[in-house]
Every structure is written in C-alpha cells, then in structure tokens.
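Here my numbering is used: the first residue of the sequence shown is 12, the next is one more, and so on.
The beta carbon of each residue, even a glycine, is placed where N, CA and C say it ideally should be.
All values reported here derive from a predicted model rather than from experimental measurement.
Each remark here refers to the structure printed beneath this line.
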Amino acid sequence: MQLYNNLSAKERAALIEEAGQERLTISFYKYAQIGNPELFRNHLFINWNELDVLGRIYVAHEGINAQLSIPAENFELFKAHLDSITFLENVRLNIAMEQDNLSFLKLKVKVRKKIVADGLVDETFDVTNKGIHVGAEKFNELIDDPDTILVDMRNHYESEIGHFKNAITPDVDTFRDSLDIIEKDLADHKEDKKLVMYCTGGIRCEKASAYYKHKGFKQVYQLEGGIIDYTRQVKNKKLENKFLGKNFVFDHRRSERITDDVIANCHQCGNPCDNHVNCANEACHLLFIQCEECAEKMHDCCSDSCKEVHELPFEEQKKLRKGKGASNKIFKKGRSEVLKFKN
Ligand SMILES: [Zn+2]
Ligand SMILES: [Zn+2]
Numbered sequence: 012m013q014l015y016n017n018l019s020a021k022e023r024a025a026l027i028e029e030a031g032q033e034r035l036t037i038s039f040y041k042y043a044q045i046g047n048p049e050l051f052r053n054h055l056f057i058n059w060n061e062l063d064v065l066g067r068i069y070v071a072h073e074g075i076n077a078q079l080s081i082p083a084e085n086f087e088l089f090k091a092h093l094d095s096i097t098f099l100e101n102v103r104l105n106i107a108m109e110q111d112n113l114s115f116l117k118l119k120v121k122v123r124k125k126i127v128a129d130g131l132v133d134e135t136f137d138v139t140n141k142g143i144h145v146g147a148e149k150f151n152e153l154i155d156d157p158d159t160i161l162v163d164m165r166n167h168y169e170s171e172i173g174h175f176k177n178a179i180t181p182d183v184d185t186f187r188d189s190l191d192i193i194e195k196d197l198a199d200h201k202e203d204k205k206l207v208m209y210c211t212g213g214i215r216c217e218k219a220s221a222y223y224k225h226k227g228f229k230q231v232y233q234l235e236g237g238i239i240d241y242t243r244q245v246k247n248k249k250l251e252n253k254f255l256g257k258n259f260v261f262d263h264r265r266s267e268r269i270t271d272d273v274i275a276n277c278h279q280c281g282n283p284c285d286n287h288v289n290c291a292n293e294a295c296h297l298l299f300i301q302c303e304e305c306a307e308k309m310h311d312c313c314s315d316s317c318k319e320v321h322e323l324p325f326e327e328q329k330k331l332r333k334g335k336g337a338s339n340k341i342f343k344k345g346r347s348e349v350l351k352f353k354n
C-alpha cells in the first residue's frame, strides 16, 4: 500500500507536461467531526493517489481543508469518491478560473490540529452556528447597504493586491490577529450593523462568523465560496464585479487576476505593481512585491545583502546557512525593514 509520494516535484512536472492532459485546480473544505484523522488521511491518500490527485490537504478532528489538482478526465470518479464519504456528499467545490496544469506537484495529505490555524483556545463556541451564507448577488446588495460593515478576513499581503471596494482590510499577519482587531474595532456595533465578511474560499469566514456570533454580533454574513466562487458567479450571471485587483492563492501561482486594476506597489521602487515573489536567497525567501525592473536590478532578491549571498557559489551559501534557522521564519511574511515601500 503506497501512502507517500515516490516522485520528486521535478519528475512529476515532467510527467504532467508529457501527458498533456488538462488538469483542474479545485479547493473545498468542510467542518465535520472526524474521529480518527490519521485513518481518514490514509483513506484519502490511497484513493486519491490512484486518481492522480495532487495537492495540499489538511485533515483534523474538526474537518478537512483541501487544495488540489486533478486530471479533468478523472473528475467524475473523484466526485463519486467524495460523495461516498457521508459528510462530503455534495460538498461545494471551488474550481479555479485560470487553469494551470502545474499548480501542485505532489499529493500531501497532512494531519493537523486544526484545518485553519486560528490560534483560538476558546473552544466554547459552536463552529456550526455560523453566519448567513450569501452568494454574489446578495453580497453585492449588502455591500451597497449603508448599515453594512464589510471586512476582509485575510492577511495584509493578501488584501494588499486585491480586495472588495470599501472593505476594511486589517493590517494583520495572522487570522487570529484579525479576529481580535475586528472585534475591538466594531465593539459598539454588535447589534446595529451588519457584519459582512469574505475571504479566499470561505473557510476562514466559516469560523470567524461563528466566533463573532459567539461574541454577540447579531447580524453576521459571509460570502459563500469566498472570492473564488464570487468571481465565477459574477461571470456566469453577468453581475457587477465589485472586486479590485488580484486574488491571492496558496499554490505556486500565488494569485489569480480578477480585474485589471493594479492596487499595490513594488516594495522596492514604489511603482504600481501587484506581482508577489519570494526572495531568491534560499536563506531568506521573503514574500514581497517586486516589479520586473527591480527584479532585474536586484537579481530577484529583497535586499543588497541577500543579493550578495545569492551570488555566492552554492556551497558557500550552504556554509553560511549552517547552524542558522531559516530566516524566513524570523521575518514575518511580506514584512521587512529592507522594503522601502511596504507600510
Ligand atoms: Zn520596482
Ligand atoms: Zn531576502
């Protein structure tokens, strides 16, 4: 029984190119009580590996959060397998707008404590007592409602390149931080305002909405399927698209363009740009926004010191890294003093 990958990412990429089949990029999540996540994890791996599923899937006692790609021709079989699992029957699947055959190169199914790192110790609230789910049409109506407070539940580096018009975009590094900040900022409006929230695919709002209801907010709404499904709906139903810019995603594509608006700036020169990169210095890997000119000038690095290291022979770089933890864990994602144009 094969429970682990036996191909490297490189070998896999070559195989996918060679096969030339169309692949779909799909995400879904479900809060459910899973008694034995370890067992469930193995069950998924065995079945999905056979269907040539690739992706990153988290399984916990509280549910499942999956981002994956699959050959289009195996989609029906995959759907049938999902439907054979009681709590995943007819689960809503987000299918990415831009298809990219190389969005994932391995199948990783991991057992975690939580499916979203929420940092909450407060287990007293009921995750299933969530906000009112709304589709794109109702969401647009709510945005125009003067009693609405629209909140982006994502982190600063996500909302920086794209968000809904008039949304509050907390300048936070983690989901946990934004939960607290929003609760504090809106403390006086727990009863009179409509708290309307959105995130990438809906999973963070699922928990946040339950959390805010638990904290006394009376009118809590969440965008079902997040920005991903909103985009699909406005296209299909020809609705007004109130999103600006790009949707940050958690695979190697980093983002999907939703509209042509460029609302961010290169962190090095300040010119309009919304292209995220990781610093090319392996010991840094800082996530930041860099325009093509700066990329060329800085050799894909975030700073002069990273550039110096990056230009050393590989063996030298390795020596420098020895004994030191990866500094990208020290740097917060997308923040560093070396970035002149990052607030
Ligand atoms: Zn630049
Ligand atoms: Zn760097």
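Residue i Cβ short of 7 Å to ligand 1 heavy atom set
{"i": "N282", "result": "yes"}
{"i": "E304", "result": "yes"}
{"i": "C210", "result": "no"}
{"i": "C216", "result": "no"}
{"i": "Q279", "result": "yes"}
{"i": "Q301", "result": "yes"}
Presumed contact (8 Å Cβ cut-off) between residue i and residue j, rounded CB distance
{"i": "K256", "j": "I274", "result": "The sequence shown places Gly at residue 256, rather than the Lys named in the question. Between I274 and G256 the Cβ distance is about 5 Å, and since that is below 8 Å, they are a contact."}
{"i": "I172", "j": "H287", "result": "7 Å"}
{"i": "E375", "j": "A107", "result": "This structure does not reach residue 375, given that the chain is present from 12 up to 354, and the question cannot be answered."}
{"i": "I68", "j": "I75", "result": "7 Å"}
{"i": "H278", "j": "F299", "result": "5 Å"}
{"i": "L118", "j": "N16", "result": "6 Å"}
{"i": "Y168", "j": "E194", "result": "Actually they are not in contact, since the Cβ atoms of Y168 and E194 sit about 22 Å apart, beyond 8 Å."}
{"i": "A198", "j": "M164", "result": "In fact, because the Cβ distance is near 17 Å, the residues do not count as touching under 8 Å."}
{"i": "L104", "j": "I37", "result": "5 Å"}
{"i": "C280", "j": "E304", "result": "7 Å"}
{"i": "L35", "j": "F86", "result": "6 Å"}
{"i": "H310", "j": "A291", "result": "7 Å"}
{"i": "K204", "j": "I160", "result": "5 Å"}
{"i": "D262", "j": "Q78", "result": "6 Å"}
{"i": "A221", "j": "K141", "result": "5 Å"}
{"i": "F51", "j": "I45", "result": "5 Å"}
{"i": "L297", "j": "C313", "result": "5 Å"}
{"i": "L153", "j": "R187", "result": "In fact, because the Cβ distance is near 26 Å, the residues do not count as touching under 8 Å."}
{"i": "L363", "j": "V162", "result": "For the chain, the structure presents residues 12 to 354; residue 363 sits outside this window and is missing."}
Any chain D beta carbon closer than 8 Å to residue i
{"i": "K149", "result": "Here chain D cannot be found, since the structure has a single protein chain."}
- Closer than 5 Å to ligand 2: residues, by C-beta to nearest heavy atom, in chain order: C290, N292, C295, L297, C313, C317
- Task: For the segment 25-74, list the alpha helix (DSSP H) runs that are entirely contained and at least 4 residues long, ordered along the chain.
- Result: 48-61
- Message: To test your reading of the DSSP string, which unbroken alpha helix (DSSP H) runs of 4 or more residues are found completely within the segment 230-274?
- Response: 237-248
- Message: Three or more C-beta pairs under 8 Å: does that hold for the segment 113-127 against the segment 84-102?
- Response: no
- Does the segment 140-153 come close enough to the segment 225-242 to have 3 or more Cβ pairs within less than 8 Å? yes
- Query: Per the contact definition of three or more C-beta pairs closer than 8 Å, is the segment 147-158 in contact with the segment 242-249?
  - Reply: yes
- Message: In chain order, what are the residue ranges of uninterrupted beta strand (DSSP E) at least 3 long that sit wholly in the segment 145-173?
- Response: 159-163
- Entirely within the segment 77-150 and at least 4 residues each: give me those alpha helix (DSSP H) ranges in chain order. 86-94
- Can you list the alpha helix (DSSP H) stretches of 4 or more residues lying completely in the segment 290-327, in chain order? 303-308, 315-322
- In chain order, which continuous runs of the beta strand (DSSP E) of length 3 or greater are located wholly inside the segment 191-233? 205-209
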